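The numbering of the sequence shown is our numbering, which starts it at 32 and goes up by one.
C-beta atoms are modelled at their ideal positions from N, C-alpha and C, and glycine is treated no differently.
Keep in mind the model is a prediction, meaning the values are calculated, not measured.
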Amino acid sequence: TLKKIFRELNADLDGEYAQLKKDVQASEIVGCDETGIHVNGKKWWINVARTPETTLYVADESRSHQVIQPILGEDFAGWLVTDFWGGYNERFYPNAKFQKCLAHLLRDVKLAVEADRGPPQNWAIQLSNLLSEAIILRKYFKNDTEHYAQERAAFEVRLDELLIVDLPPQSTIAMRLKKRLQKYRHHLFNFLDVDSLPFDNNGSERDIREMVLA
Numbered sequence: 032t033l034k035k036i037f038r039e040l041n042a043d044l045d046g047e048y049a050q051l052k053k054d055v056q057a058s059e060i061v062g063c064d065e066t067g068i069h070v071n072g073k074k075w076w077i078n079v080a081r082t083p084e085t086t087l088y089v090a091d092e093s094r095s096h097q098v099i100q101p102i103l104g105e106d107f108a109g110w111l112v113t114d115f116w117g118g119y120n121e122r123f124y125p126n127a128k129f130q131k132c133l134a135h136l137l138r139d140v141k142l143a144v145e146a147d148r149g150p151p152q153n154w155a156i157q158l159s160n161l162l163s164e165a166i167i168l169r170k171y172f173k174n175d176t177e178h179y180a181q182e183r184a185a186f187e188v189r190l191d192e193l194l195i196v197d198l199p200p201q202s203t204i205a206m207r208l209k210k211r212l213q214k215y216r217h218h219l220f221n222f223l224d225v226d227s228l229p230f231d232n233n234g235s236e237r238d239i240r241e242m243v244l245a
C-alpha cells in the first residue's frame, strides 16, 4: 500500500519537478552545491541547483558532473556560482560564466595563514586582504564611480602579482591555493561587475542544509 502511495505521489509531482528544472535552466544565475547523506546505509549525495526563486534537489550515488549537468544542460549560458569542486568547470559547461565562492576560498586562506610562517604566511595574508577588500568594495561602494573602477583594476594587478610569487615547495597549503587561483583566475572577481551576482554560494549551502535536516 505504501509503495503504491509513493508511486502515485511521484507521478503527481513529476510535472512540477520538470517545471522547476526548466526554471533553473532559464535562470541568469544558478548556485550549486552538494553534500553527503546516507541512504539505506550507503553514502549518497544531495546536489542542489538554486536560483533566487527556485531550489531543485537531486539525490544520487554520484558526486560527479553527470548529476547536475543534465539538470542545467550542456548549453547553459548563465552564471554558475559554485565552490571549487571539479564537477563545476568550463569543460562541462562551455557556454556558462562562473563566479567561484570567495567564502570557501577565504576559509582555505585562513588555514594557509595558520599553517606556515615566513613568506608563505605573508603571501596568504596578502591574499586574504585582497579578497576581503574586494568584498568590502562590492558591499559599500557604487560600481559606477571612478573610485570603484580604479579599485577594481587594482585588484586585478595585485592578484597577478601574487600569482607570480615563488613559494617554497614545502608550503603545501599555500602552493595548493596558488595553483587553484591560477586555474580559476578569471572566476574570482566577476561579482564586482554584475550587481545581482553573489560572491559566495552561501544560499545553496543554506538550502542544502534544510534538505539534510529533513
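Where residue i falls: helix, strand or coil (DSSP)
i       : result
Tyr-88  : strand
Glu-105 : coil
Thr-82  : coil
Lys-128 : strand
Val-140 : helix
Val-112 : strand
Residues near residue i in its chain [Cβ-Cβ closer than 7 Å; skip 5 each side]
i       : result
Asp-238 : Val-79, Arg-81, Thr-86
Tyr-222 : Checking the displayed sequence, the identity of residue 222 turns out to be Phe instead of Tyr. Here the set comprises Gln-130, Arg-169, Leu-228, Pro-229, Phe-230.
Unbroken beta strand (DSSP E) run spanning residue i, endpoints
i      : result
Ile-68 : 60 to 70
Extent of the continuous alpha helix (DSSP H) run through residue i
i       : result
Trp-154 : 150 to 171
Tyr-179 : 177 to 194
Gly-118 : Where Gly-118 is concerned, there is no enclosing alpha helix (DSSP H), given that its DSSP letter is neither H nor E.
Phe-123 : Careful: Phe-123 lies outside any alpha helix (DSSP H) and carries neither H nor E.
Val-55  : 33 to 57
Val-225 : That residue, Val-225, is in no alpha helix (DSSP H); it is neither H nor E in DSSP.
C-alpha distance - residue i paired with residue j, whole-angstrom precision
i       : j       : result
Asn-120 : Asp-114 : 10 Å
Asn-126 : Val-70  : 34 Å
Phe-129 : Phe-230 : 11 Å
Ile-99  : Gly-109 : 14 Å
Gly-62  : Glu-84  : 12 Å
Pro-150 : Ile-195 : 13 Å
Arg-183 : Glu-39  : 54 Å
Gly-67  : Glu-177 : 45 Å
Asp-139 : Tyr-48  : 36 Å
Arg-207 : Leu-228 : 26 Å
Tyr-88  : His-135 : 21 Å
Gly-117 : Leu-111 : 13 Å
Glu-241 : Arg-211 : 30 Å
Ala-155 : Asn-233 : 23 Å
Asp-54  : Ala-146 : 44 Å
Leu-33  : Ala-245 : 20 Å
Pro-199 : Asn-41  : 56 Å
Phe-172 : Ala-90  : 40 Å
Leu-158 : Gln-201 : 19 Å
Leu-133 : Asp-226 : 16 Å
Close beta carbons around residue i, own chain, < 6 Å, minus the five adjacent residues each side
i       : result
Phe-123 : His-96, Gln-100
Glu-92  : Trp-75
Taking one C-beta from the segment 210 to 221 and one from the segment 191 to 199 each time, how about it: are there three or more such pairs within less than 8 Å? yes
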